[in-house]
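Which chain is which? The protein sequence lines are A and B, in order. Under the numbering used here, think of the first position of the first sequence as 1, with each following residue one higher. Under the numbering used here, think of the first position of the second sequence as 197, with each following residue one higher. Encoded as structure tokens, the structure appears first; notes follow it.
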Amino acid sequence: MTEQKQFEEIVERMVELKDTSELMIDLAYSALMLNSKELAEEVQRLEEYVDELHTRFELLALTSDFKKEEASGFLGLIRIGVATEKIADAAAEMAEVVLRGIEPHPVLKLAIKEAEETVAQACVTSDSILVNKSLKEARVHEETGMWILVIKRGGKPLRPKGDSRIEVGDVLIASGYARGVDALRRLASPEETCTI
Amino acid sequence: MPHFEKIEYKPIPVRELLLEMKNLSELMIDLAYSAALFNDKDLAEDIMELEARVDTLAYLLDMEIMVAARDAKDAEALIRVSIVAAATDKISDAAADIAGIVTHDIGVHPIVSQIFEKVEKHLTKATVKEGSVIAGKQIGKLDFKSRLGVDIIAIRRNKDWIIDPKDSERVFRGDVLITRGAPQGVKDFKELAEASMAKLEGQR
């Protein structure tokens, strides 16, 4: 691998580590809030994925041809990697609570609901402008400040990509500032009501 | 050796303690990445103080839970709260580890800026310039959270950082603001702060 290529790889892996570890926290809180085993299992799967990713990242960083004076900077990168892995671990521990069955004490849901960053779900009705739009076109984050974490379709959780299309009946699970929740629900189900 | 204070039991609702732990731990991650990205030692030191605050909250929360449990059923429901709280503590530890890279002068390789160009949530530093529409305004009134999906997580004024400023806080010319949000949102915000964009256009 050329030096340039190796650097690009390091950047890519680190981006994935950071984004995935943060997604896992949001998903873990969603799992707790909705008492959803499916979401909790998704967090566990991601935890295994992060472990692999982290090893690949460390090997890449250690085998790259850095100069002596770059060693400290590389150590800094490696330590950030360790921190992302620790964050992913913490998310997995939260998700484990859901998988162990017994319904947690209600204060847990209350705290998540009242937090600055909360999680909420909204279902997509036929009169929504989101229908048939790709996630990228839907610009949900720009409009509401909420990030879509998961789309539940036919009861199954899908992890959305930019080109995933939103369909009628989808349940959007999103995280963001509490005041974005109403905006998201207005966008997803403007007139028709739906129960999840 | 850091000084460790004695932590005495205080009757604070578990919900409040957990809420603060959750909010702080998430804020700390973004602050820690910001400290690493902008190589800011003062900010990194403030993160260490927040970490100590989360540790105190963890003690208080566990004591509260012990007092609250009356029987086995209570204990089973409450242990889960304790585990989630411990996880937020671990997240804040991870944030402090990142801040430690800065406080211990290890530094992060310059490719870190490329990394932060590509992640989902962007972090930006912007100085409020003369003539900016946001100068003198209250954060709550500006409402960037819902207009741009952007949150101001810290303000540097004179020599101090104001962490997680309240809605009633005003921003002034010369303030350095750290924001997090979607790439386009933080870009627009920076242009507004630096007065290269006069006002927000095309708002639906």
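Quick reminder that beta carbons are idealized off the backbone N, C-alpha and C, glycines included. All values derive from a computational prediction rather than experimental measurement.
{"Item": "Please check if any C-beta of chain B sits within less than 9 Å of the C-beta of Thr-144(A).", "Value": "yes"}
{"Item": "So does the stretch 161-175 of chain A actually touch the stretch 211-231 of chain B, counting three or more Cβ pairs closer than 8 Å?", "Value": "no"}
{"Item": "Between Leu-77(A), Ala-61(A), Ser-126(A), which lies nearest to Thr-193(A) when the distance is taken from Cα to Cα?", "Value": "Ser-126(A)"}
{"Item": "Which residues bound the beta strand (DSSP E) around Lys-156(A)?", "Value": "156-158"}
{"Item": "Any idea if Lys-386(B) is buried or exposed, counting beta-carbon neighbours within 10 angstroms, 16 or more meaning buried?", "Value": "buried"}
{"Item": "Buried or exposed: which applies to Glu-313(B), given that a residue is buried once 16 or more other Cβ atoms fall within 10 Å of its Cβ?", "Value": "exposed"}
{"Item": "Please report the distance separating the alpha-carbon of Thr-375(B) from that of Leu-319(B).", "Value": "6 Å"}
{"Item": "At 4 residues or longer, what runs of the alpha helix (DSSP H) sit wholly inside the stretch 293-335 of chain B?", "Value": "308-314"}
{"Item": "Are the CB atoms of Ala-389(B) and Val-324(B) within a distance shorter than 9 Å?", "Value": "yes"}
{"Item": "Please determine, among Ile-78(A), Glu-96(A), Ser-128(A), the residue with the shortest C-alpha to C-alpha distance to Glu-42(A).", "Value": "Glu-96(A)"}
{"Item": "If we ignore side chains and look at the alpha-carbon of each, how far apart do Pro-209(B) and Ala-111(A) end up?", "Value": "11 Å"}
{"Item": "Compare the Cα-Cα distances from Val-382(B) to each of Ile-351(B), Gly-345(B), Asp-363(B) and report the closest residue.", "Value": "Gly-345(B)"}
{"Item": "Which class does Lys-202(B) belong to by DSSP, given the choice of helix, strand or coil?", "Value": "coil"}
{"Item": "Taking all protein chains shown into account, decide if Ala-71(A) is buried (16 or more other Cβ within 10 angstroms of its Cβ) or exposed.", "Value": "exposed"}
{"Item": "Once the 5 residues before and after Leu-223(B) are set aside, which same chain residues still bring their CB inside 7 Å of it?", "Value": "Ile-349, Asp-360"}
{"Item": "Using a Cβ-Cβ cut-off of less than 8 Å, give me the residues of the stretch 302-336 of chain B that come near chain A, in sequence order.", "Value": "Ile-302, Gly-303, Val-304, His-305, Pro-306, Ile-307, Val-308, Gln-310, Ile-311, Lys-314, Val-315, Glu-316, Lys-317"}
{"Item": "Enumerate in chain order the residues of its own chain whose CB-to-CB distance from Phe-7(A) is below 8 Å, with the five nearest sequence positions on each side excluded.", "Value": "Ser-64"}
{"Item": "Between Leu-158(A), Thr-118(A), Glu-12(A), which has its C-alpha nearest Tyr-29(A)'s C-alpha?", "Value": "Thr-118(A)"}
{"Item": "Does Tyr-229(B) pass the burial test, meaning 16 or more other C-beta atoms within 10 Å, or should it be called exposed?", "Value": "buried"}
{"Item": "Using the C-alpha atoms, what's the distance from Asp-339(B) back to Gly-155(A)?", "Value": "35 Å"}
{"Item": "Can you tell me whether Thr-284(B) is buried or exposed, with buried defined as 16 or more other CB within 10 angstroms of its CB?", "Value": "buried"}
{"Item": "Got a sec? Which residues, its chain only, sit under 8 Å from Glu-143(A) by beta carbon, not counting five neighbours each side?", "Value": "Ala-183, Leu-187"}
{"Item": "Only counting the same chain, and skipping five residues up and downstream in sequence, which positions put a Cβ closer than 6 Å to that of Gly-398(B)?", "Value": "Residue placement at Gly-398(B) cannot be trusted, given a pLDDT of 49 that sits under 50; the coordinates are not used to answer."}
{"Item": "Three or more C-beta pairs closer than 8 Å, one from the stretch 264-279 of chain B and one from the stretch 73-91 of chain A: is that the case here?", "Value": "no"}
{"Item": "Hey, how far is the Cα of Met-146(A) from the Cα of Lys-68(A)?", "Value": "44 Å"}
{"Item": "Quick one, which of Ala-115(A), Ser-164(A), Val-124(A), Glu-167(A) has its alpha-carbon nearest Ser-175(A)'s?", "Value": "Ala-115(A)"}
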